[in-house]
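Chemist: The following block contains the structure, expressed as structure tokens.
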Amino acid sequence: AQRVTQPEKLLSVFKGAPVELKCNYSYSGSPELFWYVQYSRQRLQLLLRHISRESIKGFTADLNKGETSFHLKKPFAQEEDSAMYYCALIGSQGNLIFGKGTKLSVKP
Amino acid sequence: GAGVSQSPSNKVTEKGKDVELRCDPISGHTALYWYRQSLGQGLEFLIYFQGNSAPDKSGLPSDRFSAERTGGSVSTLTIQRTQQEDSAVYLCASSGAPRDEQFFGPGTRLTVL
């Protein structure tokens, strides 16, 4: 089965604290994984994808095939990072399969 | 350039009525996707169009849902005999090629009374 699991519905941290949003997946073969973000009143947008291996807005994510994980990390959270974060993989048909999302709240 | 656009932005309808939701993808994008975003279910895939190929309808929740894509561009999602459980935000996305980054529209918020 192709599935993405985000175990935390809500994650609350203070500004400047490290943050890790967890994502685990189930997929046969080599997965293509993404993190999408939705800021308040804005459309869903790509944050990063594992094949590009780049850091966007200070966020990084490493694919761990052994643990079937793709956790999103940032060493120092900022208030503007508050948003809804979705982990997703590309299914065999080409569509995105999303996790249920994690709402990140960064407090001042 | 212009991104993906959707209309209407909000739609309120009565149970049992039919609704049509429209999506204008980014010009030149061959792949078009419809998703549904609801509180209980998160983001669910509905249907996928790629070029002139037959669409992948595997995500449509019932036969009340259908979609078409005319001329390889604009797409319309139709929900017949709407039910209250159809209330959700319907998102459209397009990509330049299969498995490329998907660009999302702002969504249509559907409320079925």
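So the sequence lines, in the order shown, correspond to chains A and B. Counting in the working numbering, the first sequence tops out at residue 106, every number present. Counting in the working numbering, the second sequence tops out at residue 149, every number present. Cβ atoms here follow ideal geometry from the backbone N, Cα and C, with glycine treated the same way. Note that the structure is predicted; figures quoted are calculated from it, not measured.
1. Using a beta-carbon distance cut-off of less than 9 Å, what residues from the segment 93 to 122 of chain B approach chain A?
2. Give the interface partners of LEU61/A over in chain B, defined as CB-CB distance under 9 Å, in chain order.
3. Applying the criterion that 16 or more other CB atoms from any shown protein chain within 10 Å of the CB defines a buried residue, is TYR83/A buried or exposed?
4. Please name the residue, chosen from SER50/A, ARG39/A, GLN40/A, GLY27/A, that lies closest to LYS63/A on a Cα-to-Cα basis.
5. By how many angstroms is the C-alpha of THR112/B removed from the C-alpha of ARG58/B?
6. Could you tell me which whole alpha helix (DSSP H) segments of length 4 or greater appear in the segment 72 to 96 of chain B?
7. Show which residues of chain B have a CB atom less than 9 Å away from the CB atom of GLN43/A.
8. Is the CB-CB distance between THR49/B and THR144/B below 9 Å?
9. Which term fits PRO29/A, buried or exposed, when burial requires 16 or more other beta carbons within 10 angstroms of its beta carbon?
10. Cutting at 6 Å between CB atoms, please list the residues of its own chain near VAL110/B, excluding the five before and the five after it.
11. Quick one, which residues of the segment 70 to 103 of chain A are near chain B if we go by CB-CB under 9 Å, in chain order?
12. Going by C-alpha distance, which of GLN4/A, LEU42/A, HIS69/A, TRP33/A is nearest LEU127/B?
13. Beta strand (DSSP E) containing LYS71/A: first to last residue?
14. Which word fits ALA15/A, buried or exposed, when buried means at least 16 other C-beta atoms lie within 10 angstroms of its C-beta?
Modeler: Straight from the coordinates:
1. SER94, GLY95
2. Ordered by position in chain B, no residue passes the 9 Å Cβ test against LEU61/A, which lies about 16 Å from the chain.
3. buried
4. GLY27/A
5. 5 Å
6. The segment 72 to 96 of chain B contains no whole alpha helix (DSSP H) run of 4 or more residues.
7. PHE139, PHE140
8. No Cβ-Cβ contact shorter than 9 Å links THR49/B with THR144/B.
9. buried
10. Around VAL110/B: ASP60.
11. Cβ contacts with chain B: TYR84, ALA86, ILE88, GLY89, GLN91, GLY92, ASN93, LEU94, ILE95, PHE96, GLY97, LYS98, GLY99.
12. The residue from GLN4/A, LEU42/A, HIS69/A, TRP33/A with its alpha-carbon nearest to that of LEU127/B is LEU42/A.
13. 70 to 72
14. exposed
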